[in-house]
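Asker:
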Amino acid sequence: MKLSRMFLVGFDGCTVKQGHWLRKALKTSPPAGVILFDRNVDGTVQNFTSPEQLKELTAELADVAAEPLLIAVDQEGGGVCRLKEQAGFLRTKTAAELGQQSPEISTLPAAEVMAAELAEYSINLNLGPVADVNLNPDNPIIARYERSFGASPIR
1 MKLSRMFLVG FDGCTVKQGH WLRKALKTSP PAGVILFDRN VDGTVQNFTS
51 PEQLKELTAE LADVAAEPLL IAVDQEGGGV CRLKEQAGFL RTKTAAELGQ
101 QSPEISTLPA AEVMAAELAE YSINLNLGPV ADVNLNPDNP IIARYERSFG
151 ASPIR
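Take the sequence shown: its letter number 116 is residue 116 in full-length UniProt numbering, and every next letter is one higher.
#1: Let me make sure I understand the geometry here. Which of Ser148, Gly13 and Gly79 has the alpha-carbon closest to that of Val130?
#2: Can you tell me the Cα-Cα spacing of Phe89 and Leu118, whole angstroms?
#3: Buried or exposed for Arg82, going by 16 or more other Cβ atoms inside 10 Å?
#4: Please classify Val45: does DSSP put it in a helix, a strand, or coil?
#5: Excluding the 5 residues preceding and the 5 following Phe48 in the sequence, name in chain order all residues of the same chain whose CB lies nearer than 7 Å to its CB.
#6: Report all residues from its chain with a CB closer than 6 Å to the CB of Pro31; omit the five preceding and five following residues, and keep chain order.
#7: Report the rounded CA-to-CA distance for Ala151 versus Ala59, giving the unit in angstroms.
#8: Report buried or exposed for Arg23, applying the criterion of at least 16 other Cβ atoms within 10 angstroms of its Cβ.
#9: My output table needs one value for Leu125: the three-state DSSP class, helix, strand or coil.
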């Protein structure tokens with residue numbers, strides 16, 4: 001096994017046209033996969049802008065890759081999602097919203113909808129949800145973005 005097959009890589013661009021470094025890597029030393037983002041930290045577009053363009057990109061990546069490719073996003077729900085409602089994707093609830101109801105009523109159906117949407121865009125790896133317990137309501141990473149299902153590890 002090549003060392004490259006142990007990595008997920010990110011890249012700038014909404015395509016991997018001829019001459020793009022990733023296009024060559026996907027053919028010669030393919031990584032395990034790629035991770036896609038809608039925006040860079042500075043707010044500029046990184047990989048996709050719409051559902052249609054995302055489908056084109058994931059098809060292109062799979063077509064170019066010499067090996068099966070993981071295509072990943074961080075789609076936790078609520079504010080931590082790369083496929084945003086304002087770009088034409090489905091609205092997702094936060095973990096905190098889902099955690100207020102029983103898993104059978106809220107979490108399982110929401111996960112099924114999210115999984116179906118990701119599959120529609122050929123995304124086969126989701127880096128969410130977060131399994132943190134919200135022990136500190138002032139936590140700027142977990143509590144602020146409602147990334148936890150609740151304050152109890154039992155629930």
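Glycine included, C-beta positions come from ideal geometry on N, C-alpha and C.
Source: prediction; values computed, not measured.
Answerer: A quick look at the data gives this:
#1: Ser148
#2: 10 Å
#3: buried
#4: strand
#5: Cys14, Leu36, Asp38, Leu54 and Leu57
#6: Ser4, Phe7 and Val9
#7: 40 Å
#8: buried
#9: strand
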